[in-house]
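Heads up: the sequence shown begins at 54 in my numbering, then just goes up one per residue. Ideal Cβ placement from N, Cα and C applies to all residues, glycine included. Written out below as structure tokens is the structure these notes cover.
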Amino acid sequence: MKRIAVIDDHPIIRGTLARVLREDGELELVGEAGDGEEGLKLILEEAPDLAILDLDLPRLDGLSLIRRIRMQDGKVRILVLSAKPEQVMATHTRVAGANGYVSKGREIGELMTAVKTVLFGYDCFPADASGSSRGGSGLDSLSPREVEVLQYLARGISNKEISNRLCVSDKTVSTYKTRLQEKLGLSSLAGLIEFAALHKLID
């Protein structure tokens with residue numbers, strides 16, 4: 054189980070995130086905080102695998118919180134969930150030490166894809182803020198959803214089951230598979246599995 058901490062000053066946002074995280078069988082919510090100071094205390098005490106945090110926080114703003122976390126705990130992954138324009142703030146959060154940025158205007162499914170991507174050790178930023186964070190290995194060309202589909206395929210999960218999990222059609226899953234092969238220069242499912250294993254996208 055991956056351990057998650059949520060830091061947001063809006064109770065409704067915290068409640069929604071808590072519900073979604075609890076519905077995922079691979080994630081455990083270890084605590085919530087409504088301001089930056091309490092958030093820092095929570096992270097230092099609980100040492101979660103991932104902190105999901107807002108930027109507009111009382112007492113200690115999000116960017117300062119990210120910097121403080123990085124000064125005291127270099128292991129926790131940080132995903133920013135904010136209503137601020139991602140084109141402007143994503144780069145600032147990345148420089149501060151965050152591992153990903155998702156706008157609050159995105160769908161829950163996109164947020165969860167970002168959560169899984171960051172937990173797997175990859176950065177997840179809008180294209181204009183990501184730079185070369187994935188090192189040009191081929192992963193840099195993939196969206197968070199494409200990474201998620203690749204992980205499912207590499208685990209041997211059928212197209213039908215993937216479509217059920219992602220709430221998309223079988224045809225859409227097939228399109229993702231074709232797109233993955235084109236982007237990565239691979240001609241078969243076996244090649245995708247080997248690529249995923251090489252880049253530690255599967256256990």
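If you drop the 5 nearest sequence neighbours on each side, which residues of the same chain put their C-beta closer than 6 Å to that of residue i?
{"i": "P179", "result": "E139, A143"}
{"i": "A151", "result": "I119, I131, V133"}
{"i": "L80", "result": "K55, I57, L74"}
State yes or no: is the C-beta of residue i nearer than 7 Å to some heavy atom of the ligand PLP?
{"i": "L134", "result": "This structure simply doesn't include the ligand PLP, nor any ligand for that matter."}
Looking at the unbroken beta strand (DSSP E) that takes in residue i, where does it start and where does it end?
{"i": "S156", "result": "153 to 156"}
{"i": "A104", "result": "103 to 106"}
Tell whether a beta-carbon distance below 8 Å holds between residue i and residue j.
{"i": "S156", "j": "S135", "result": "yes"}
{"i": "G92", "j": "I119", "result": "no"}
{"i": "T170", "j": "P197", "result": "yes"}
{"i": "L113", "j": "D88", "result": "yes"}
{"i": "P101", "j": "R67", "result": "no"}
{"i": "L233", "j": "E199", "result": "yes"}
By Cβ distance, which residues of its chain are closer than 8 Å to residue i, with the 5 residues on each side in sequence left out?
{"i": "A249", "result": "L203, Q204, L206, A207, I255"}
Rounded to whole angstroms, how far is the Cβ of residue i from the Cβ of residue j, which I believe are closer than 8 Å?
{"i": "D176", "j": "G162", "result": "With a Cβ gap of about 19 Å, D176 and G162 do not count as contacting."}
{"i": "L103", "j": "L164", "result": "About 12 Å; that fails the 8 Å criterion."}
{"i": "K213", "j": "D223", "result": "6 Å"}
{"i": "T225", "j": "S216", "result": "7 Å"}
Answer with buried or exposed for residue i, where buried requires no fewer than 16 other C-beta atoms within 10 angstroms of its C-beta.
{"i": "P64", "result": "exposed"}
{"i": "V141", "result": "exposed"}
{"i": "D109", "result": "exposed"}
{"i": "R72", "result": "exposed"}
{"i": "V148", "result": "exposed"}
{"i": "L82", "result": "buried"}
Tell me which residue opens and which closes the alpha helix (DSSP H) that residue i is part of.
{"i": "A207", "result": "197 to 207"}
{"i": "E247", "result": "242 to 251"}
{"i": "V171", "result": "161 to 172"}
Between residue i and the rest of its own chain, which residues show a CB-CB distance below 7 Å, the 5 nearest in sequence each way excluded?
{"i": "I96", "result": "A58, A104, I122, D126, V129"}
{"i": "E98", "result": "none"}
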